[in-house]
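Engineer:
There are 4 protein chains.
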Amino acid sequence: MSYLFRPNHLYRMPTHFGPSLGARQGVNGRRYECIDGPNDLVVMATFKANKEQLEALLPPGFSLREPYTVVLDFSFITNIEWLAGRGYNTFGVSTPVTYHGKEGDVHGDFSLVLWENKADPIITGREDLGVAKIYCEIPEPQCIGNDIICRASWDGFEFASLKLSNLKEVDPETFGAESGTANAVPSAGGLYYKYIPKTGCPGEADAAYVTLMPEDWPNMKVQQLQQADAAVSRFREATWEQLPTLVHIVNCLSDLTLGECTQAIVVKTCGGKDLSDVRIVH
Amino acid sequence: MSYLFRPNHLYRMPTHFGPSLGARQGVNGRRYECIDGPNDLVVMATFKANKEQLEALLPPGFSLREPYTVVLDFSFITNIEWLAGRGYNTFGVSTPVTYHGKEGDVHGDFSLVLWENKADPIITGREDLGVAKIYCEIPEPQCIGNDIICRASWDGFEFASLKLSNLKEVDPETFGAESGTANAVPSAGGLYYKYIPKTGCPGEADAAYVTLMPEDWPNMKVQQLQQADAAVSRFREATWEQLPTLVHIVNCLSDLTLGECTQAIVVKTCGGKDLSDVRIVH
Amino acid sequence: MSYLFRPNHLYRMPTHFGPSLGARQGVNGRRYECIDGPNDLVVMATFKANKEQLEALLPPGFSLREPYTVVLDFSFITNIEWLAGRGYNTFGVSTPVTYHGKEGDVHGDFSLVLWENKADPIITGREDLGVAKIYCEIPEPQCIGNDIICRASWDGFEFASLKLSNLKEVDPETFGAESGTANAVPSAGGLYYKYIPKTGCPGEADAAYVTLMPEDWPNMKVQQLQQADAAVSRFREATWEQLPTLVHIVNCLSDLTLGECTQAIVVKTCGGKDLSDVRIVH
Amino acid sequence: MSYLFRPNHLYRMPTHFGPSLGARQGVNGRRYECIDGPNDLVVMATFKANKEQLEALLPPGFSLREPYTVVLDFSFITNIEWLAGRGYNTFGVSTPVTYHGKEGDVHGDFSLVLWENKADPIITGREDLGVAKIYCEIPEPQCIGNDIICRASWDGFEFASLKLSNLKEVDPETFGAESGTANAVPSAGGLYYKYIPKTGCPGEADAAYVTLMPEDWPNMKVQQLQQADAAVSRFREATWEQLPTLVHIVNCLSDLTLGECTQAIVVKTCGGKDLSDVRIVH
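Line by line, the protein sequences are chains A, B, C and D. Using numbering that gives the first Met the number 0, you'd call the opening residue of the first sequence number 0 and step up by one each time. Using numbering that gives the first Met the number 0, you'd call the opening residue of the second sequence number 0 and step up by one each time. Using numbering that gives the first Met the number 0, you'd call the opening residue of the third sequence number 0 and step up by one each time. Using numbering that gives the first Met the number 0, you'd call the opening residue of the fourth sequence number 0 and step up by one each time.
1) Run down chain C in chain order and give the residues with a C-beta less than 9 Å from the C-beta of D:Trp239.
2) Return the chain-ordered list of same chain residues with a C-beta closer than 7 Å to the C-beta of B:Phe174, the five sequence neighbours on each side being excluded.
3) On the premise that C:Tyr134 lies in contact with C:Trp114, defined as a C-beta separation below 8 Å, what is that separation, rounded to the nearest angstrom?
4) Could you give the first and the last residue of the continuous beta strand (DSSP E) run that contains D:Thr123?
5) List the residues that DSSP assigns as beta-bridge partners of C:Gly199.
6) Distance, Cα to Cα, D:Cys33 vs D:Thr123?
7) Taking only heavy atoms of the ligand ZN into account, decide whether any of them is closer than 7 Å to the Cβ of D:Ser186.
8) How about C:Glu139: is its C-beta nearer than 8 Å to some C-beta of chain A?
9) May I have the straight-line CA-CA distance separating A:Leu71 from A:Val265, to the nearest angstrom?
10) Residue ranges of each beta strand (DSSP E) run of no fewer than 3 residues wholly in the stretch 223–269 of chain C, ordered along the chain?
11) Is the stretch 157–168 of chain B touching the stretch 234–241 of chain B in the sense that three or more CB pairs, one from each, lie closer than 8 Å?
12) My output table needs one value for D:Phe4: the three-state DSSP class, helix, strand or coil.
13) Using a C-beta to C-beta distance shorter than 7 Å, which residues of chain B count as neighbours of D:Gly86?
14) What does A:Ile76 reach in chain E if we use C-beta pairs closer than 9 Å?
15) Grab the span of the beta strand (DSSP E) containing A:Gln24 for me, first residue to last.
16) Name the chain B residues whose beta carbon is nearer than 9 Å to that of A:Leu224?
17) Could you check whether the Cβ of A:Cys142 sits closer than 8 Å to any Cβ belonging to chain C?
18) Taking 8 Å as the threshold, find out whether the stretch 21–38 of chain B comes into contact with the stretch 185–196 of chain B through three or more Cβ pairs.
19) Any beta carbon from chain D within less than 8 Å of A:Ile148's own beta carbon?
20) How is D:Asp39 classed by DSSP in three states: helix, strand or coil?
21) Return no unless some Cβ of chain D is closer than 8 Å to the Cβ of C:His8.
22) List in chain order: all unbroken alpha helix (DSSP H) runs of 4+ residues lying wholly within the stretch 75–159 of chain C.
23) Mind reading off the beta-carbon distance from B:Phe16 to A:His247? Whole number of angstroms is fine, and I expect it under 8 Å.
24) For D:Asp215, count the other beta carbons within 10 Å of its own beta carbon; 16 or more makes it buried, fewer makes it exposed. Which is it?
25) Quick check: is the beta carbon of C:Val277 nearer than 8 Å to any beta carbon in chain D?
26) For A:Thr77, collect the residues of the same chain with a Cβ closer than 6 Å to its Cβ; drop the 5 residues on either side in sequence, then sort them by chain order.
27) Quick check: the Cα distance between C:Ser62 and C:Val96, rounded to an integer number of angstroms?
28) Which of the three DSSP states, helix, strand or coil, is assigned to D:Pro213?
29) Does A:Arg11 have its Cβ less than 8 Å from a Cβ in chain C?
30) At 7 Å on the CB atoms, spell out the chain A contacts of B:Ser126, in chain order.
31) Just grab the DSSP bridge partners of A:Val280 for me.
32) Using beta carbons (cut-off 8 Å, strictly below), is A:Met0 in contact with chain B?
33) May I ask which residues mark the beginning and end of the alpha helix (DSSP H) holding C:Leu53?
34) So, with DSSP's three-state summary, where would you put C:Glu168?
35) Can you tell me where the beta strand (DSSP E) with D:Leu283 in it begins and where it stops?
36) Going along chain B, which residues have a C-beta under 9 Å from C:Glu236?
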């Protein structure tokens, strides 16, 4: 007798060994609270960007939202419950957008791409959540005096780096108000475009929809906040020989005209969520 | 203005930078012929297995096919065109089955799981083809005299190994006939169960169907064939702490009662295909 | 004209490109202060051990010192100045000894072996300092609730692990007195046996002497101290095929009869020294 | 009782666990014949170079030998007996020299630096043989049509590459004569400058002498030889932040003025030696 799928359980390929193990489902259906972990060190910089260039990267149904910026963020995550206390690193590129769906307008931060250095969260993030995660190597950040350098490479070819200079500790309580971001249109969270191709049918999809990671993090505590005087980012133009699966992405990002850095911070947080609140936006 | 999807092109997340680069589509829609490459070193052993144990690993619609065996195969692939001449390694577990679909019965080799050591082919294999690829480390094989040892680990924990002993070169021309496999029911190819979860809807799927990789390899040439006297395989039972995303898979395979080794070979081949013939089986 | 060695400068192979870059000498002879870094997370456990077994591991001139113990310590070091803010991990085995040299008796902690996961500090540590550093993979520690797990593997084969359970924070100020170690014979520091073979002359040495890393760390600050209820260590016996360069070391350590765990702690420190005070003990 | 060193045995740190395991000594003193292995794929290119620049890289006692060239060679070695059938990769830079020692003049090929991607052979090569081996990542070569690309990186920063184009198979028997190298002054083998610093004594050395790897390889068989039309090499200039331990080496090599490529070949060989014939040159 073949096996049957258990109702209301999460599955991923291979489905033959029972419900999947991942961030939202452990052994025997165990859930992860994400209170004492994970620990996250985020290095983030926002740059003014060109409206036309960014619009060309939005799927149908999206429009750009002011301020026209690109956000680069490196995340160095440890103490992750579902990985039995291990960690991984990420490097993302996003931009503020509005999605015009059947539900009405949703203001959010659109993830253009999210590199990660471990395959397991890439697979679950793509298939469970619709996040456009792909692989690269992301070494631990370099801390040199009050500067921090983050890097991303693929098969030994460094294609991106981000350096923040003259970091100074600031009070998380007063930071938002001072920086004026308190008055901006609030973001509903991260927006993603999930796309799964239909096997053997070029141009057709098993799934093509928008997902939202709601901006609600009750268990996350900011432990430290540092602000930088300046930030320098760099995407290095590559050949197909150097980046055969990434060259179109990296060279497109390398072509973006980035302007002034409007914010550059390093944040240490503890706690998170299992992201089971990520949902389809109709 | 947002971008539009180009008809009949292959896309994968992130879709925002244009059609995807992968095995079946290169820069500017280039296709890969797979004549002078890839080079593949396959280390493969077949073991008699327990019918009931194997049946419990088959999705609905499948039944076990004689002989009741499990095939373990390590593949060390180099010179891959779509990776600009790079390579990667795989470790698969499969069993002969028949799929009873609307099209009628399809006899094939069902892939229970396929580990690979590079994220890019994992992503494209899962989403484009429906192959249940997951990640592990697969070091190059150890060649000691006439023996060969293959290994698989995850985050430094070796969970599987396969050793073939006393390899002797045999003639590929006469091998099939001698070994008696010529008379078996021919396999239509590899069978896979594609399953993509629907975001935010536990128990629901964006895709849940069977795919077939047809047994048709016109460009593949066998360059060398070696037969072993014996083969020993081992799955090492693990804890959740050791393999938090794989423990259910590895321990299930570790529990399988494997019998006599009925065939153990090492094959070197050149050439392949871009797998664009993989199709849904209704 | 060939080059000349610059007097009083540190050199390592290759010497042809000028004085070496390392922990004790940077570009243009720069020195590293080691005040704001490195950051070190040390996971350490002490076990009672068998006198005869340990004595057999001591070079001529050494005798064992009470208490007869083996200390296992994993170190996860970040923010290292001479690596431009990078880090690396170590796993060491040591035992208290007395060295009876011409200078008189020196009480210290003898390093039997020190595994590290980066080649650069291994090379400088062996040649500049005489520390018996060798290579293995040391992944970041796993933090699961109040437990911590450390692991060491070589080419994907996990040969050692250390787990501390029920960690509780304690006051560094009062810890030494409480634990009774305050009354023990003070250690002069780490003791090492430097041995460099003479090329082409089996049994002869270019160097064979004892070195000392003095127990003097004025710049090191303890930031956090945690004590565990229990510790479990494990060396996994290996074959030559699994560990062709380490099998004699790992199996010897695996054969040690370890008794009660007398202390198990996790310490976070900041600051260190460039180890230029390491000296030969005559 | 402490242990005693066994006469005529090879030792390396740590010496406490008995004679070392390595290329020239296995378990129970076993020796490795190196007849059926290792397998070596060598990608090598010779470039005309500037005499003054090269001379500045020679230690006292050496002079440059015509033709004034730099040889870059990548080696991809598999099936190594002393590593139980594993392999590793190397990237070397060398130049023809004459050493003027007490024994008289020795014409050889001076190794300026040899990068390797595994720590174990680095350690044994430095200490047993005096070869200036240091670490970097060396991925498998990329084979694209009739071109081959080799690369070297450190912590994800690619600092060197070598590309050979339009490879064509040639007859190993007639190759030497045709290329005119048959008439050159024969090389006695590889020359190395061994230097081991004395601990705690900047400017002093435990060892500082020249070693020779004799040009005598009775067990090595050339299996295939390919000649390229052209070769392009590149050292990428780096900052201290990018290569804190290598910057002086890489930037010096990057500054070399390389001229015409006089030979570019790919050689596949089988068999070697355990290098126990490497000796000090007085």
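Backbone N, C-alpha and C fix where the C-beta goes; we use that ideal spot for every residue, glycine too. Nothing here was measured: the structure is a model prediction, and the numbers come from that model.
Structural biologist: Taking the coordinates as given:
1) Leu20, Gly25, Val26, Ala83
2) Leu224
3) 7 Å
4) Run containing D:Thr123: none in the beta strand (DSSP E); it sits in the alpha helix (DSSP H), 118–123.
5) In DSSP, C:Gly199 forms no bridge with anything.
6) So the two alpha carbons sit approximately 17 Å from each other.
7) No copy of the ligand ZN occurs in the structure displayed, which carries no ligand at all.
8) Answer yes: the Cβ-Cβ gap between C:Glu139 and chain A drops below 8 Å somewhere.
9) 12 Å
10) 229–234, 260–269
11) yes
12) D:Phe4 falls in the coil class under three-state DSSP.
13) Glu139
14) Although the question refers to chain E, the structure presented lacks it and instead comprises the protein chains A, B, C and D.
15) It is not in any beta strand (DSSP E) - A:Gln24 carries neither H nor E in the DSSP assignment.
16) What A:Leu224 touches in chain B: nothing, since even the nearest Cβ is about 30 Å away.
17) yes
18) no
19) yes
20) strand
21) Taking Cβ atoms only, chain D reaches closer than 8 Å to C:His8, which makes this a yes.
22) 118–123
23) Confirmed, Cβ separation roughly 5 Å.
24) exposed
25) yes
26) Asn38, Gly86
27) 6 Å
28) strand
29) no
30) Sequence check: residue 126 of chain B is Glu here, not Ser. For B:Glu126, the C-beta contacts it makes with chain A under 7 Å involve Ile195, Pro196, in order along the chain.
31) A:Val209
32) yes
33) 50–54
34) strand
35) Outside the modelled stretch of chain D, which goes from 0 to 281, sits residue 283 of chain D, for which no answer is possible.
36) In chain order: nothing, as chain B lies at least about 14 Å away.
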